[in-house]
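Novice: Numbering (our numbering), first residue to last: 61 to 203.
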């Protein structure tokens with residue numbers, strides 16, 4: 061029997077962990093994540109850099125957002141929750157003023173998943189943003 065080993069995805073040049081997203085902007089098949097303070101470089105000395113993120117070639121039919129509201133436990137802990145899966149367009153209509161705290165990012169073949177906290181006024185919810193794309197994942201560095 062022949063064994064094939066899948067190589068891990070290469071390390072991204074920047075980490076979105078703890079990135080604070082002020083706004084999601086959509087223009088045709090492009091999603092831009094507007095950050096408050098940018099993100100962190102993954103190579104030493106791992107400095108914070110100013111910038112936004114842009115994902116191109118998004119297939120909106122295969123992209124979605126999960127929103128979870130915890131019941132009887134603090135947001136993000138183990139326990140019961142209620143939730144909803146929705147299109148990105150519906151998410152943007154329902155939560156136009158919400159901000160996102162990214163806690164985790166996962167990359168796969170033409171896909172990215174961003175998880176974290178969804179801040180809606182005084183409410184703290186949890187989100188998972190699943191994006192299917194055939195274009196580029198761009199870090200837009202501010203000079």
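Glycine included, every Cβ here is placed at the ideal spot set by N, Cα and C.
Reducing DSSP to helix, strand and coil, say where residue 76 ends up.
Specialist: The answer is coil: DSSP assigns residue 76 none of H, G, I, E or B.
Novice: Between residue 143 and residue 106, what straight-line distance do the alpha-carbon atoms span, to the nearest angstrom?
Specialist: Taking the straight line joining both Cα atoms gives about 35 Å.
Novice: Nearest to residue 155 by alpha carbon, out of 77, 104, 62 and 125?
Specialist: Of the listed residues, the one whose Cα sits closest to residue 155 is 125.
Novice: Find the nearest neighbour of residue 149 within the set 94, 119 and 74, judged by alpha-carbon distance.
Specialist: Taking only the C-alpha atoms, the option nearest residue 149 is 119.
Novice: Please report how far the alpha carbon of residue 186 lies from the alpha carbon of residue 147, in whole angstroms.
Specialist: Each residue's alpha carbon lies about 16 Å from the other.
Novice: My assumption, with CB atoms under 8 Å, is that residue 161 sits in contact with residue 177. Please give the rounded CB distance.
Specialist: That pair is a contact at about 4 Å.
Novice: Going by the beta-carbon positions, is the gap between residue 200 and residue 92 smaller than 9 Å?
Specialist: Yes, these two residues count as a Cβ contact at 9 Å.
Novice: Would you kindly report the start and end of the unbroken beta strand (DSSP E) that includes residue 127?
Specialist: Residue 127 -> beta strand (DSSP E) spans 124-130.
Novice: Please state the DSSP three-state secondary structure of residue 134.
Specialist: Reduced to three states, the DSSP call for residue 134 is coil.
Novice: With 16 as the cutoff for other CB atoms within 10 Å, does residue 165 come out buried or exposed?
Specialist: Under this definition residue 165 is a buried residue.
Novice: Does the Cβ-Cβ distance between residue 80 and residue 96 come in under 9 Å?
Specialist: A contact, by the Cβ cut-off of 9 Å.
Novice: Following the continuous alpha helix (DSSP H) through residue 154, name the residue where it begins and the one where it ends.
Specialist: From DSSP, the alpha helix (DSSP H) with residue 154 extends over 148-154.
Novice: Among residues of its own chain, excluding the 5 on either side of residue 94, which ones have a beta-carbon nearer than 8 Å to its beta-carbon?
Specialist: Same-chain partners within the cutoff: 81, 82, 83, 84, 85 and 112.
Novice: What does the Cβ neighbour count give for residue 167, buried or exposed, with the cut at 16 atoms within 10 Å?
Specialist: Burial call: exposed.
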